[in-house]
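**Student:** So for the sequence shown, full-length UniProt numbering puts the first residue at 1; every next one is plus one.
C-beta atoms are modelled at their ideal positions from N, C-alpha and C, and glycine is treated no differently.
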Amino acid sequence: MYELGQVLKIQYTGFKHYGIYVGNNTVIHNSKKYHRVEEIDLDAFADNRTIQKSSIKAENPALAVQTARKYLGIPYSLFSENCEHFVRTACGLVKESTQVQKYLISAVGVGALLKSDNTVVQAAGGAAALASMLTPTEQSPVKNVAVAACLAAGIAFLASK
1 MYELGQVLKI
11 QYTGFKHYGI
21 YVGNNTVIHN
31 SKKYHRVEEI
41 DLDAFADNRT
51 IQKSSIKAEN
61 PALAVQTARK
71 YLGIPYSLFS
81 ENCEHFVRTA
91 CGLVKESTQV
101 QKYLISAVGV
111 GALLKSDNTV
121 VQAAGGAAAL
131 ASMLTPTEQS
141 PVKNVAVAAC
151 LAAGIAFLAS
161 K
């Protein structure tokens, strides 16, 4: 069914939840509900939703399982220790949450678009928000946002002259 060390995800409204398959029909995940990293069975992880295979992958799945087990009991934190941070860390990848990045960048960008009196700032903010939301799932939006915001700001600046 699933391979040892495979990252699994389920879709909730507005976000995805991640865990690592560790064998024997169990998953280790960082649970907001239980405020910690825990090992649970697949049905409990699924929460009556469809389990999907994530594009997040470990180079060494067996090591990802060992690392995941070391994190059992670590507390949950939305901005520094959520389920996506956890699986990326266990997989030996950069510890980040692309979902949190997208929401924060979008909020700041929309704020700049709506609240600034400066057209260059408005253009950069709108472009940042749009680029963030258009970045593919499970990919960091930071590079796309930087390029889009710089281009939009440059165009707005030139258009104002």
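1) For the pair the stretch 23-30 and the stretch 68-85, tell me if three or more CB-CB distances fall below 8 angstroms.
2) Mind checking whether V100 and A112 have CB atoms under 8 angstroms apart?
3) So, is P136 buried or exposed, given that buried needs 16 or more other C-beta atoms within 10 angstroms?
4) Classify V145: buried if its beta carbon has 16 or more other beta carbons within 10 angstroms, exposed otherwise.
5) Leaving out the 5 sequence neighbours to the left and right, which residues in its chain are closer than 8 angstroms to S160 when beta-carbon positions are compared?
6) Considering only the beta carbon of each residue, do I74 and V37 sit closer than 8 angstroms?
7) So Y18 and S54 are in contact, right, with Cβ under 8 angstroms, and what is the actual spacing, rounded?
8) Which full runs of the alpha helix (DSSP H) of 4+ residues lie inside the UniProt domain "LRAT" (7-99), going along the chain?
9) In angstroms, rounded to a whole number, what distance separates the CA positions of M48 and L42?
10) Would DSSP call Q122 helix, strand or coil?
**Tutor:** Based on what the coordinates show:
1) With three or more CB-CB distances shorter than 8 angstroms, the stretch 23-30 counts as touching the stretch 68-85.
2) no
3) exposed
4) By the 10 Å Cβ count, V145 comes out buried.
5) T119 and V120
6) Inclusion of I74 and V37 in the CB contact set at 8 angstroms is warranted, their separation being smaller than that value.
7) With a beta-carbon spacing of about 6 angstroms, Y18 and S54 fall inside the 8 angstroms limit used to define contacts.
8) 42-46, 61-70 and 83-90
9) Per the sequence shown, residue 48 should be read as Asn rather than Met. N48 and L42: Cα-Cα distance of roughly 10 angstroms.
10) helix
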